[in-house]
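One structure is given below, encoded as structure tokens.
Numbering (the numbering used here), first residue to last: 2 to 561.
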């Protein structure tokens, strides 16, 4: 479903290094109240020159959903266009444009992110606690980290291999328990709110400081877990606490589910309630990647944080956490599994979104019942051996050379011939709901074909949606192993009530910025008129590396 702005509770915040802070030392942004919503931001990454934050409020931003085109940023409490920081928008323009959104250049992989929490002003049918003014709410932002990668080399390492610089050998790709593959991005360690320890073996670490959360005994706490990773999903549990209660996902309330742990994928937000009813002491919040690696590699990839009871002394360098005990008679439940089974000897039971039920006061399943227009989108690495680029329905996405919403008549698709196993490169888009603004759509998202078997979390801008069903590939339940015929799918529904041009893509940076995405052109007859003096990107010719080398050798080219 699509929420109106005053019904939105939680938004993911993305950063940009080009936004100047009004005061970099501020702990809180001013509380912005728009249609009854209080916006708060507490841990944006800042330094003495930049404020790496901006807001993303998609329902009203039909003009601003341009991939790798940041057109509007907040500065000094006002909203100003990116290419003209000396001009301020009028109040009318600010009401139309709240903020900008941008994906690209692997910025999140380099640590450019931070949490933005929107507190509902109404508590009707909303789980509590919500507001952290009383210290009962904690934010847990999880990222996988590599000490050597940077935006310029991430793509090259993914294409040609990642290497151990000490052993001088190639690092193999990894997979999860179902044999689903992960792309070439080597995880050295995990971090929570920017802190983490590097394990140079299964047990030894560098004693780096960890994020700490203080809790009082016999009290309920809310933990907001945010997946800000580059690639890997994490299984999150709290040492010494066998039960956490899942209460919300992406800001939507769900029927409470008691589990031992949860799995968070990149781009997801899951809230859980913890009751601090165990023996006072220090416990670790542990987030382990889903990678399955042989013990002979002597590696441990996890993010950790300290949860300590206030009636005891905090240990700032605790030993490695131990997982909670599971047995045949006491199976450990894991929420949000991307597969159906664990091996029987692990005594773990998987819960998926098929087991979740919405109780959100703003959800109305009736609005998507009945006849729906169905579309199929396959996210996979199709093609021939040696040429299997990222694609949707065999279309490797090329960003438009103009601001697509503002200059749609200049967008060239040029998709040519694409088939189930062939690839074409083009500005791929699909038009939906051309004649009205309330048609129900059903998207079937698949991972099939000769390029299937890799992990792809999918994100649709401009909409929230109902997950109608998750289908999984065939498994041997006795081993938890995936049978080679991979055929997983997800069925979602939403009402096309938000006219605009929306990006639809894999949320893994490495896949998204290299072609696994497309545009959804929704209700073009009802697009809002582009305001006067709206910034437009001009068509340019792209130079290759060789072009730049030749230009430098045969001209007096000077870089500023």
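For each residue, glycine too, the CB sits at the ideal point set by N, CA and C.
Keep in mind that this is a model prediction, so the values were computed, not measured.
Pairwise C-alpha distance: residue j and residue i
i: residue 346; j: residue 195; result: 35 angstroms
i: residue 264; j: residue 234; result: 7 angstroms
i: residue 8; j: residue 320; result: Unreliable placement is indicated for residue 8, whose pLDDT of 28 sits below 50; no coordinate value is reported for it.
i: residue 456; j: residue 449; result: 12 angstroms
i: residue 181; j: residue 373; result: 31 angstroms
i: residue 447; j: residue 507; result: 12 angstroms
i: residue 311; j: residue 460; result: 40 angstroms
i: residue 142; j: residue 367; result: 34 angstroms
i: residue 250; j: residue 291; result: 20 angstroms
i: residue 528; j: residue 179; result: 43 angstroms
i: residue 332; j: residue 262; result: 12 angstroms
i: residue 210; j: residue 146; result: 15 angstroms
i: residue 392; j: residue 426; result: 9 angstroms
i: residue 417; j: residue 530; result: 31 angstroms
i: residue 150; j: residue 112; result: 12 angstroms
i: residue 544; j: residue 399; result: Note that residue 544 scores 46 on pLDDT, short of 50, meaning its location in the model is unreliable and no value can be drawn from it.
i: residue 243; j: residue 325; result: 6 angstroms
i: residue 176; j: residue 183; result: 6 angstroms
i: residue 260; j: residue 247; result: 7 angstroms
i: residue 414; j: residue 390; result: 18 angstroms
i: residue 330; j: residue 200; result: 33 angstroms
i: residue 403; j: residue 437; result: 26 angstroms
i: residue 523; j: residue 134; result: 40 angstroms
i: residue 254; j: residue 489; result: 26 angstroms
Cβ neighbours of residue i in the same chain (closer than 8 angstroms, five flanking residues each side left out)
i: residue 137; result: 130, 220, 221, 222 and 223
i: residue 439; result: 496, 497 and 498
i: residue 371; result: 441
i: residue 315; result: 213, 215, 283, 307 and 309
i: residue 66; result: Legend: pLDDT at residue 66 = 49, less than 50; position of this residue unreliable, value from coordinates given subsequently. 59, 102, 406, 462, 463, 501, 502, 503 and 504, listed in sequence order.
i: residue 419; result: 394, 395, 396 and 425
i: residue 562; result: Missing from the structure shown is residue 562; the chain here goes from 2 to 561 and no further.
i: residue 132; result: 120 and 138
Neighbourhood of residue i by C-beta, 6 angstroms cutoff - its chain only, sequence neighbours within 5 removed
i: residue 353; result: 338 and 471
i: residue 127; result: 121
i: residue 241; result: 279 and 284
i: residue 296; result: none
i: residue 192; result: 144, 146 and 304
i: residue 515; result: 391
Cβ-Cβ distance between residue i and residue j below 8 angstroms
i: residue 517; j: residue 505; result: no
i: residue 274; j: residue 239; result: no
i: residue 229; j: residue 109; result: yes
i: residue 318; j: residue 208; result: yes
i: residue 435; j: residue 412; result: no
i: residue 294; j: residue 197; result: no
i: residue 148; j: residue 189; result: yes
i: residue 511; j: residue 155; result: yes
i: residue 335; j: residue 225; result: no
i: residue 277; j: residue 218; result: yes
i: residue 357; j: residue 271; result: no
i: residue 360; j: residue 256; result: yes
i: residue 509; j: residue 267; result: yes
i: residue 444; j: residue 378; result: yes
i: residue 348; j: residue 328; result: yes
i: residue 281; j: residue 313; result: yes
i: residue 410; j: residue 376; result: no
i: residue 203; j: residue 301; result: yes
Near the ligand MN: residue i beta-carbon under 7 angstroms from a heavy atom
i: residue 299; result: Of the ligands one can find in the structure shown there are none, so the ligand MN has no counterpart to examine.
Paired residues, beta bridge with residue i - DSSP
i: residue 270; result: 227
i: residue 238; result: 287
i: residue 379; result: 447
i: residue 471; result: 491
i: residue 506; result: 460 and 518
i: residue 455; result: 182
i: residue 259; result: 246
i: residue 630; result: With the chain covering 2 to 561 only, the question about residue 630 has no answer from this structure.
i: residue 275; result: 222
i: residue 501; result: 523
Same chain only: Cβ atoms within 7 angstroms of residue i, ignoring 5 sequence neighbours per side
i: residue 185; result: 158, 159, 162, 163 and 174
i: residue 468; result: 354, 491 and 493
i: residue 401; result: 412 and 428
i: residue 343; result: 178, 349, 351 and 481
i: residue 187; result: 147, 163 and 172
Any C-beta of chain D under 8 angstroms from that of residue i
i: residue 533; result: The question asks about chain D, but that chain is absent: this structure has only one protein chain.
Restricting to runs no shorter than 3 residues, where is the beta strand (DSSP E) found entirely within the region 189-229? If only complete runs of 3 or more residues are kept, the region 189-229 shows the beta strand (DSSP E) at 190-193, 212-216 and 221-228, in order along the chain.
In chain order, which beta strand (DSSP E) runs of at least 3 residues are fully inside the region 296-359? Here the runs fully enclosed are 303-310, 333-336 and 349-352.
3-residue-minimum beta strand (DSSP E) runs that sit fully inside the region 403-427, ordered along the chain: Restricting attention to beta strand (DSSP E) runs no shorter than 3 residues, the region 403-427 encloses them at 425-427, ordered along the chain.
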